[in-house]
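Take a look at the structure below.
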Amino acid sequence: MDLPDGMISYGDRLANLAKERGEADALVFLAADGSNEHFSWRHLEERSNALAWKLTGEGVGVGDRLGIKIRNSPDHILVALAAWKIGAVPIPIRWDLPEWELDRVLAVLDAKKVVEKGHQILQLGPECRIDPYHSEISPHASGVMSSGSTGSPKVILRLVPGVYVPGSSSNRLVEAYETLGPQMVLVPAPLYHSNGFMALGNLLEGDRLLLLERFDAGLLLGGVEDHGVTGMVATTVMLQRLARHEDFGKRDLSSLDWVMHGAAPLPDWLAKRWIERISPEKFFVCYGSSEGIGATFARGDEYLEHPLTVGRGAMGTDVRILGETGEALPTGEIGQIYMKSEHGILATYVGDVPPIPVTEDGYSTVGDLGWLDSDGYLYIADRRVDMIVTGGANVYPAEVEAALSEHPSVVDVVVIGLSDPEWGRRVHAIVQLEKDVIGLSADELIDYAGDRLARYKTPKSVELVTEIPRSEATKVNRSALVAAREVAPE
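Taken in order, the sequence shown gives residues 1 to 490; the numbers are from full-length UniProt numbering.
Dropping the structure here:
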């Protein structure tokens with residue numbers, strides 16, 4: 001592939017960084033036990049070259065899909081970099097899937113090879129070739145594997161090639177708000193999630209990474225202070241656990257230039273807690289998707305003027321709210337979120353699933369519900385599949401979860417709809433309390449929610465549990481929670 005001036009393959013970009021920076025730190029790995037390892041740019045270049053030679057020897061070539069079933073670790077990043085050297089397509093896979101689900105995922109993935117922890121290909125002895133690998137260009141920069149916990153598994157395959165364009169691979173805040181580099185970017189999310197894997201774009205931009213083996217609030221806060229972290233992307237659950245941690249007000253977080261919230265809707269109290277802690281200019285909310293149909297951003301000062309917003313269309317994104325029959329809805333009315341980016345749709349689905357919906361005039365949706373205000377700011381209601389219809393009214397779990405999460409004794413909460421002879425579906429809250437809390441009852445939590453919500457939105461039942469099962473990406477399988485609580489008909 002002939003490239004315009006200034007554009008090079010991802011593999012060549014890494015080689016250039018290694019020549020420029022040599023033994024300077026590129027990656028710091030913070031293990032779950034608190035220990036850390038440092039890896040230089042030269043190390044990443046030489047080890048990824050060695051892996052590329054070995055993978056090529058086993059038949060992996062340009063355009064082949066390469067599954068990476070490894071927990072957050074330097075090995076995971078090295079395999080991804082090696083794939084880019086070859087021109088293959090790195091696709092991370094959840095390392096903890098049950099066998100039946102993994103089989104379904106692998107059937108859809110159709111990978112040339114899957115590299116797991118302990119795989120012989122990761123054994124790089126002194127005899128391995130570390131000389132430069134002539135880098136090829138991957139036709140697809142990467143893919144994200146959806147395990148299909150609420151439907152059929154699929155690959156979300158990026159439609160852009162593995163080509164480095166200066167300034168395009170770093171965090172989108174650079175373009176939207178002129179955030180300055182170089183940066184030390186903390187990666188708290190698992191690399192199988194887009195929030196985690198996209199940090200490799202920061203690496204290619206020349207930023208350093210602090211990679212957590214797994215999310216731990218105390219280790220993360222210490223890591224920010226000890227390593228001078230300048231930015232991170234975090235989910236709602238992560239931000240809540242950090243804000244509730246005893247070190248949140250004690251650790252030095254002054255190195256942070258930006259903290260960006262992504263994924264599930266963010267409770268207002270939590271956004272304001274972070275804004276107060278690090279300043280409005282350093283806190284950002286956003287909305288986007290792995291499908292790359294568009295993005296919105298808002299900085300903390302904008303958020304305070306438009307509470308609960310996820311921002312306005314950024315980087316050439318136009319946002320519309322459409323109704324059931326495709327009609328444009330007025331300001332303030334909830335409907336399906338459609339976006340159109342000047343870059344087009346940046347991904348496609350692989351698997352036995354419907355394609356990404358696209359209107360005749362080029363607007364796309366991933367099924368989320370929301371509304372726009374008169375200034376064009378977007379607000380998220382919830383995913384359509386999560387909405388609870390109770391007594392003929394629509395209830396969005398995120399709103400109920402936000403109300404309950406404000407209680408100081410609540411660690412985590414998930415709201416689902418359960419079958420009910422009177423209501424059709426009743427609003428049911430599953431709540432995890434702080435370990436030292438004694439005597440707080442389900443009825444008290446219902447009353448607490450009732451003081452903050454309309455009557456029809458207030459949970460009819462509350463279940464107290466010791467822990468809510470979440471993936472390392474902090475996602476929860478709502479359909480599994482419902483299935484475990486529904487009584488099968490006789």
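Idealized CB from N, CA, C, for every residue including glycine. On a predicted model such as this, the values are computed, not experimentally measured, just so you know.
{"query": "Within 8 Å, strictly: CB atoms of residue 497 and Ile-137", "result": "No information on residue 497 is available, as it lies outside the stretch 1 to 490 that the chain covers here."}
{"query": "Rounded straight-line distance, which links the Cα of Pro-74 to that of Ala-24", "result": "16 Å"}
{"query": "Same chain, Cβ closer than 8 Å to Ala-484, five either side skipped, listed in chain order", "result": "none"}
{"query": "Cβ-Cβ distance between Ala-429 and Val-411 below 8 Å", "result": "no"}
{"query": "Met-145 - DSSP class collapsed to helix/strand/coil", "result": "strand"}
{"query": "Proximity test, Ala-381 beta-carbon vs the ligand PLP heavy atom, cut-off 7 Å", "result": "Inclusion of the ligand PLP in the displayed structure is not the case, the ligand content being empty and no account of it being possible."}
{"query": "Assigned exposure category for His-261 - 16 Cβ within 10 Å defines buried", "result": "buried"}
{"query": "Cβ neighbour criterion (16 or more within 10 Å) applied to Gly-316", "result": "exposed"}
{"query": "Neighbourhood of Ser-169 by C-beta distance below 6 Å, restricted to the same chain and skipping five residues each side", "result": "Residue confidence is low: Ser-169 scores 49 on pLDDT, short of 50, so the model does not pin down where it sits. Its coordinate-derived value is still stated next. Excluding residues within five positions, the ones whose Cβ falls inside 6 Å are Gly-201, Leu-204 and Glu-205."}
{"query": "Contact the stretch 460 to 472 vs the stretch 418 to 435: 3+ CB pairs below 8 Å", "result": "yes"}
{"query": "Through-space distance from Ala-234 to Ser-290, alpha-carbon basis", "result": "15 Å"}
{"query": "Residues near Glu-246 by beta carbon distance below 7 Å, same chain, minus five either side", "result": "none"}
{"query": "Beta-bridge pairing of Gln-336 - partner residues as DSSP gives them", "result": "Leu-322 and Leu-369"}
{"query": "Proximity below 8 Å, CB of Thr-236 to CB of Leu-266", "result": "yes"}
{"query": "Environment of Trp-269 [buried if 16+ CB atoms lie within 10 Å]", "result": "exposed"}
{"query": "Unbroken alpha helix (DSSP H) run spanning Phe-197, endpoints", "result": "194 to 197"}
{"query": "4 or more residues per run - each alpha helix (DSSP H) lying fully within the UniProt domain \"AMP-binding enzyme C-terminal\" (399 to 473)", "result": "442 to 450"}
{"query": "Nearest residue (CA-CA) to Ala-473, options Ala-298, Pro-92 and Glu-127", "result": "Pro-92"}
{"query": "DSSP three-state assignment for Val-385, whether helix, strand or coil", "result": "helix"}
{"query": "Val-163 to Ser-374 span [Cα, whole Å]", "result": "39 Å"}
{"query": "Three-state class that DSSP yields for Thr-390 in the structure shown", "result": "strand"}
{"query": "Buried versus exposed, by CB contacts within 10 Å (16 or more), Asp-382", "result": "buried"}
{"query": "For Asn-477, the first and last residue of its enclosing beta strand (DSSP E)", "result": "Run containing Asn-477: none; DSSP gives neither H nor E here."}
{"query": "Length of the line joining the Cα atoms of Thr-150 and His-227", "result": "For Thr-150, the pLDDT reaches just 48, beneath the cut-off of 50, and the residue's location in the model is therefore unreliable, leaving the point undetermined."}
{"query": "Where the beta strand (DSSP E) through Leu-256 begins and ends", "result": "Leu-256 -> no beta strand (DSSP E), and no H or E assigned at all."}
{"query": "Rounded straight-line distance, which links the Cα of Phe-283 to that of Trp-274", "result": "7 Å"}
{"query": "Cα-Cα separation, Gly-417 to Lys-19", "result": "56 Å"}
{"query": "Nearest-angstrom Cβ-Cβ length linking Val-224 and Leu-253, presumed shorter than 8 Å", "result": "6 Å"}
{"query": "Three-state secondary structure assigned by DSSP to Ser-170", "result": "Any reading at Ser-170 is ruled out, since the residue's pLDDT is 49, under 50, leaving its predicted position unreliable."}
{"query": "Closest Cα partner of Glu-58 within the set Ile-77, Lys-112 and Ser-48", "result": "Lys-112"}
{"query": "Validate contact between the stretch 29 to 39 and the stretch 79 to 97 using beta carbons, cut 8 Å, 3 pairs", "result": "no"}
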